[in-house]
Structures are given as structure tokens and as C-alpha cells.
Amino acid sequence: MSRFMLRLIGGVGLMAVAAGIAAAHVTPPVVLASDREAVAGLLSGSRRYFVREVRLSPAERAAIQKQSGWTPNEDFYRFYLGRDDQGALVASTIFMTEYTIHGPVRVAVGLNPDGKVKGAQVVEITEETYPWVKPLIDQDFARDYVGQGSTGRYTLTDRVRAAGDSMTQFYGQVIVSLIQRAAILYDTTVLKRPTSG
Amino acid sequence: MNGIFLNRLPLSGKVFCTLYLVGIGCGALAAFAQAATAVGLSPGEVRASLAPDMPMTHMGHGQMSREKEIDLGQISTSAKVWIRTPLLIQTSHTHLFGMTLIAGLLGAIFLFSSLGEGKKTLILSLPFLGTILDIGGMWLTRFLWPPLSALVIAGGSLFALGYVLITVRSVYEIWLQKELSA
Numbered sequence: 105m106s107r108f109m110l111r112l113i114g115g116v117g118l119m120a121v122a123a124g125i126a127a128a129h130v131t132p133p134v135v136l137a138s139d140r141e142a143v144a145g146l147l148s149g150s151r152r153y154f155v156r157e158v159r160l161s162p163a164e165r166a167a168i169q170k171q172s173g174w175t176p177n178e179d180f181y182r183f184y185l186g187r188d189d190q191g192a193l194v195a196s197t198i199f200m201t202e203y204t205i206h207g208p209v210r211v212a213v214g215l216n217p218d219g220k221v222k223g224a225q226v227v228e229i230t231e232e233t234y235p236w237v238k239p240l241i242d243q244d245f246a247r248d249y250v251g252q253g254s255t256g257r258y259t260l261t262d263r264v265r266a267a268g269d270s271m272t273q274f275y276g277q278v279i280v281s282l283i284q285r286a287a288i289l290y291d292t293t294v295l296k297r298p299t300s301g
Numbered sequence: 228m229n230g231i232f233l234n235r236l237p238l239s240g241k242v243f244c245t246l247y248l249v250g251i252g253c254g255a256l257a258a259f260a261q262a263a264t265a266v267g268l269s270p271g272e273v274r275a276s277l278a279p280d281m282p283m284t285h286m287g288h289g290q291m292s293r294e295k296e297i298d299l300g301q302i303s304t305s306a307k308v309w310i311r312t313p314l315l316i317q318t319s320h321t322h323l324f325g326m327t328l329i330a331g332l333l334g335a336i337f338l339f340s341s342l343g344e345g346k347k348t349l350i351l352s353l354p355f356l357g358t359i360l361d362i363g364g365m366w367l368t369r370f371l372w373p374p375l376s377a378l379v380i381a382g383g384s385l386f387a388l389g390y391v392l393i394t395v396r397s398v399y400e401i402w403l404q405k406e407l408s409a
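Going down the list, the sequences are from chains A and B.
In this text, residue positions in the first sequence follow our numbering: the first is 105, and each later residue adds one.
In this text, residue positions in the second sequence follow our numbering: the first is 228, and each later residue adds one.
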């Protein structure tokens, strides 16, 4: 075989290895529930549904950053509100996302009218993160944070900590932080604003 | 090229090229299925995943809050993958490297085709152009104009067309074409 061919095959081999490394970096998404399923589940008992979209003022963003260390950077946030026949608020839901090195983690968080957590559901992760997050879902991890408000204690409980290895705990903390952010956003944009209802 | 053509490769070279082309074809089918199930194959579905999220309430630019009654039916039932900017960055860098390397390997094989230079140049350019159009279309959809999501579909199709042409012609030359004089 000529030297030219050897060089060519060597180059091709190197490119194939590099392609494999690049392709292996991010895995496809795993969608566990549609938005409608999550909203219907977390707003159960509601008869009428509303969308409330809110923007944060610079002062509100600064206050959230100071309170939690999180810097909200979306243009606006969307709450889905469920009301009864008389128009009284039953619950609210918001979708929160964190982008990790393994891809996005998206969680739907249900909140009671007083801003306390009603429940949470992981709606989207990636193939790679799924085995780490599954033990948390199996353990119904969100149960441990029900009833907490924006200033609650959002650290891993012993039960969640025991659910899996360090990666499971890492993703547990990511999800728990998303639940807290939802509570903070509701507190800031719904409860603390004069026109809230 | 350099007097070496696909039909003159040693058996090991022929098997290598053929298996590589078959393997990439299987990968392309899997990628197609992944795109179809996770995002969708129409420009509208691509736009829904990539375009900036617009307020459902038609909240104006300076408005701080707005509320509107909806029907649950207005919320998507299809599992929706949201490709926001951080994920777009991740997707872009992995796909630009991965797809360009695949296009490079396909092109490297096709360099030894006995086709004329003009046709060869055109065909081996297709996967590269498809890659640029595909990933570039994602960014343009997100930041310039949502209807440009059609470019993502066009780019993927161009990549697939290039792959098919390269594979069909290469396999033909490797296994069926009679020996050419140098």
C-alpha cells in the first residue's frame, strides 16, 4: 500500500475518533410529560384556566439575585393559573429550566395561592441524565418540598440524598433549586405586586 | 486521484469504505427518527422548538404583567422540546464538529471516484453546505426571523442528498464498475 494511502487512512481514522467524541457529548432529550399533562395535573381541581405572563423589573431581578444567588434572565415568565367557578385561585404552575453540561432539565412546579409548593414534576431531561434523575422521580422527591415557600429550606433531604449516587444528588439539587426559583418568582411577581390576585 | 480510484482499492479498502458508508447511513436513519420524534420534520415544528417564546397574552414590550383566560386545549399536548440559547450553543458545537467530520470522511472517500472534477466537487460539497445551512438556519430562526426554520429542513435534506449520492456512486464504483485505465 502506498504511503499516500497509509496517510489517508490514518487521517480518516483520526477524524472518525474525533467525530465519535463530538457525537457522544450531548444525548437526545427525554420528554416525560407534555405541557398540558403537567398543567392539568398540577392545577387539578381548577375549572377555568388562565395564563399570567410577568416581567421582572431591574429592582426585582436584583432582589432575587441577592436572596437566592440566582440571576433570572428570561424576557418574561409564564404562570398557568387555575381558578374555580367563582374565579378564586386554586393553584399556579410554572415551567423552570436549568441548562447543565449534560443538557436541559425542565421541571413543572405547582404552587398554592399562598405561594407554597403544591408539587413538582420533571418534564424534560436528556438520555444521559435520565438514569440519575429516575431514582428521584421514583421516590417522589417533590413530596419533601410541598408546603415550602420562597424562603423555605431547599436542600436535599436525607431521603433524597439516599436515593442514588453523587450524580443523582447533583441533579436532585438542580431540581430542588428550580422548585425554589418558581416559588421566588411567584412571591416576587404575584404576591408582592399590588395588582396580584 | 493520484491514479487511485475506488474500484482499484485493495479488498480491505473496499470493505472499509463500504462499511463506513453503511454505518453512516444507519446513523443518518437514527438521526432522522430522533429529529422526527423529538422536534418534528416540518418548518412549523422546527420553528416551535427554536423561535423565541412569544407571550400568549400579547403582553407589550413595556408591560410588566398581563393575564388572559385560556382553554387547556391551547396548551400543547405533544411532547415539546424547547431548544433555548444554551442548548442551541451545545447543539451547534457538537453538530458542527460531528457533521463536518462525517462530511469530511464522505468527501475523502469520494475524492477517489472516477467522476469528472466538476460533478465530484458539486456532490462532495453537498454535505458541507447542508451542515452549514442546517445549523445556521437554527440560529437565524432563533435570532433573525422564525420562518427561516425552513432552512433547517433544507439543510438536513441537502446533507441527506449528498450522502445518498456519494454512497450510491461510491458503492457502485467499488463493487460494480469495471477497471478503468489509469
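Glycine included, each C-beta is placed from N, C-alpha and C at the ideal position.
Cutoff 7 Å: residue i Cβ touching any chain B Cβ
i: residue 209 of chain A; result: no
i: residue 138 of chain A; result: yes
i: residue 133 of chain A; result: yes
i: residue 156 of chain A; result: yes
i: residue 264 of chain A; result: no
i: residue 298 of chain A; result: no
i: residue 126 of chain A; result: Low confidence applies here, because residue 126 of chain A scores a pLDDT of 44, under 50, leaving its location unreliable and the question unanswered by this model.
Residues that DSSP places opposite residue i in a beta bridge
i: residue 134 of chain A; result: A/229
i: residue 195 of chain A; result: A/186
i: residue 228 of chain B; result: Its beta-bridge partners do not exist; DSSP assigns none.
i: residue 249 of chain B; result: Per DSSP, none; premise fails for residue 249 of chain B.
i: residue 208 of chain A; result: A/203
i: residue 223 of chain A; result: A/214
i: residue 172 of chain A; result: BP columns for residue 172 of chain A are empty, so no partner.
i: residue 295 of chain B; result: A/155
Chain A contact residues for residue i, given Cβ-Cβ distances below 9 Å
i: residue 298 of chain B; result: 153
i: residue 376 of chain B; result: Within chain A, no residue comes near residue 376 of chain B; the closest Cβ sits about 18 Å away, beyond 9 Å.
i: residue 233 of chain B; result: Under the 9 Å cutoff, chain A gives no residues; its nearest Cβ is about 12 Å from residue 233 of chain B.
C-beta neighbour in chain A for residue i, strict 7 Å
i: residue 286 of chain B; result: yes
i: residue 394 of chain B; result: no
i: residue 294 of chain B; result: yes
i: residue 315 of chain B; result: no
i: residue 409 of chain B; result: Confidence is the limiting factor: at residue 409 of chain B the pLDDT is only 47, short of 50, which leaves the residue's position unreliable and the question unanswerable from this model.
Chain B residues whose Cβ lies nearer than 9 Å to that of residue i
i: residue 233 of chain A; result: Neighbours of residue 233 of chain A on chain B: none; closest Cβ ~13 Å, over 9 Å.
i: residue 161 of chain A; result: 291
Listed by chain order, chain C residues near residue i by CB distance under 7 Å
i: residue 180 of chain A; result: The chain labelled as chain C is not found among the protein chains of the depicted structure, namely A and B.
Candidates the options: closest to residue i by CA position
i: residue 259 of chain A; options: A/172, A/156, A/217; result: A/172
i: residue 246 of chain A; options: A/212, A/163, A/293; result: A/212
i: residue 285 of chain B; options: B/365, B/339, B/330, B/295; result: B/295
i: residue 290 of chain B; options: A/161, A/277, A/166; result: A/161
i: residue 270 of chain B; options: B/375, B/400, B/391, B/336; result: B/375
i: residue 180 of chain A; options: B/394, B/365, B/280, B/321; result: B/280
i: residue 267 of chain B; options: B/390, B/392, B/377; result: B/377
i: residue 348 of chain B; options: B/264, B/392, B/387; result: B/392
i: residue 432 of chain B; options: A/183, A/242, A/169; result: Beyond the ends of chain B as shown, which are 228 and 409, falls residue 432 of chain B; an answer cannot be given.
i: residue 255 of chain B; options: B/313, B/277, B/387, B/272; result: B/387
i: residue 214 of chain A; options: A/133, A/296, A/288, A/297; result: A/288
i: residue 270 of chain A; options: A/157, A/236, A/156, A/210; result: A/236
i: residue 398 of chain B; options: B/322, B/371, B/341, B/366; result: B/341
Contact set between residue i and chain B, taken where Cβ atoms lie within less than 8 Å
i: residue 143 of chain A; result: 299, 302
Under 7 Å by beta carbon: chain A residues contacting residue i
i: residue 260 of chain B; result: Neighbours of residue 260 of chain B on chain A: none; closest Cβ ~10 Å, over 7 Å.
(Q) Which residues of the region 278-292 of chain A have a Cβ closer than 8 Å to any Cβ of chain B? Give them in chain order. (A) none
Along the region 244-268 of chain B, what residues have a CB closer than 7 Å to any CB found in chain A? Flagged, chain order: 261, 265.
- Mind checking the region 353-367 of chain B against chain A and listing, in chain order, the residues whose C-beta falls within less than 8 Å of any C-beta there? So nothing in the stretch comes that close.
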